[in-house]
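Keeping their order, the protein sequence lines are chains A and B. The first sequence begins at 1 in this note's numbering and counts up one residue at a time. The second sequence begins at 101 in this note's numbering and counts up one residue at a time. Data first, discussion second: the structure below is written as structure tokens.
Protein chains: 2
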Amino acid sequence: MKNTIHVERAIRRITQADLASAVGVSRQTINALEAAKYVPSVVLAMKIANYFEKPVEAIFELGEED
Amino acid sequence: MKNTIHVERAIRRITQADLASAVGVSRQTINALEAAKYVPSVVLAMKIANYFEKPVEAIFELGEED
DNA sequence: CTTAAATGTAAAGTTTGTTTTACATTTGAA
DNA sequence: TTCAAATGTAAAACAAACTTTACATTTAAG
């Protein structure tokens, strides 16, 4: 599971804390997600995708591991 | 969180057990998902969406609760 | 250079996803 | 109607998501 959250964030010049509060999770959750430390729930994934106005697949990609 | 798994399954005339083994989870997991008893991980959601050849958003929908 | 904001990281704890086992009920085909 | 397959459900156990607190490091602006 890979994701491009930090890229999307960079484009919009948004902070981890900003995104976190926008989607209702802690900043560490966003930080850990960007570090690919774990796999989020679909709900969180969809909230993030919605926030960036992109489909889930544009931000999250299945890897070999999955 | 709503989903249309059982509809997609009906269309393809596929059993819960079939889908379960196709995406690598237990049959109870699929059953519980259809009953909306919990929210899956993005990985599982994407595997299910891929299996049905549809985007995640076509199968999973955020509700008020989320 | 200095300072504040942003980020990385880590441990402990809570909650929630997922598996396993097991059994009861429904459905469909013969 | 009978039997097998499919589905519903439930409890215990385990794994993984997510929070909280707390601190160290990096980055950017003044």
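Even glycine gets a Cβ: it sits at the ideal position worked out from N, Cα and C.
Please confirm if residue i has its CB atom under 8 Å from at least one CB of chain A.
{"i": "D118/B", "result": "no"}
{"i": "F160/B", "result": "yes"}
{"i": "A135/B", "result": "no"}
{"i": "I110/B", "result": "Residue identity differs from the one stated: residue 110/B is Ala in this sequence, not Ile. Not one chain A Cβ lies under 8 Å of A110/B."}
{"i": "A145/B", "result": "yes"}
Tell me, please, whether the CB atom of residue i is closer than 8 Å to any CB atom in chain B?
{"i": "S41/A", "result": "yes"}
{"i": "V56/A", "result": "yes"}
Judging by CA-CA distance, which residue of the options is the nearest neighbour of residue i?
{"i": "V56/A", "options": "V7/A, V42/A, D66/A and A35/A", "result": "V42/A"}
{"i": "F60/A", "options": "L144/B, T115/B and E161/B", "result": "L144/B"}
Short of 8 Å in beta carbon distance, which residues of its chain neighbour residue i, apart from the five on each side in sequence? Order them along the chain.
{"i": "G124/B", "result": "K147"}
{"i": "A49/A", "result": "P55, V56, A58, I59 and F60"}
Might you give, ordered along the chain, the residues of its own chain that have their beta carbon closer than 6 Å to the beta carbon of residue i, omitting 5 neighbours on each side?
{"i": "E8/A", "result": "F52"}
{"i": "Q16/A", "result": "R27, I30 and N31"}
{"i": "D166/B", "result": "M101"}
{"i": "A122/B", "result": "Y151"}
List the residues that DSSP assigns as beta-bridge partners of residue i.
{"i": "N103/B", "result": "F160/B"}
{"i": "S26/A", "result": "The partner list for S26/A (beta bridge, DSSP) is empty, contrary to what the question assumes."}
Can you name, in chain order, every residue of its own chain whose Cβ lies under 7 Å from the Cβ of residue i, other than the five neighbours on each side?
{"i": "L33/A", "result": "N3, I5 and P40"}
Could you spell out the range, first to last residue, of the alpha helix (DSSP H) harbouring residue i?
{"i": "A120/B", "result": "Q116 to V123"}
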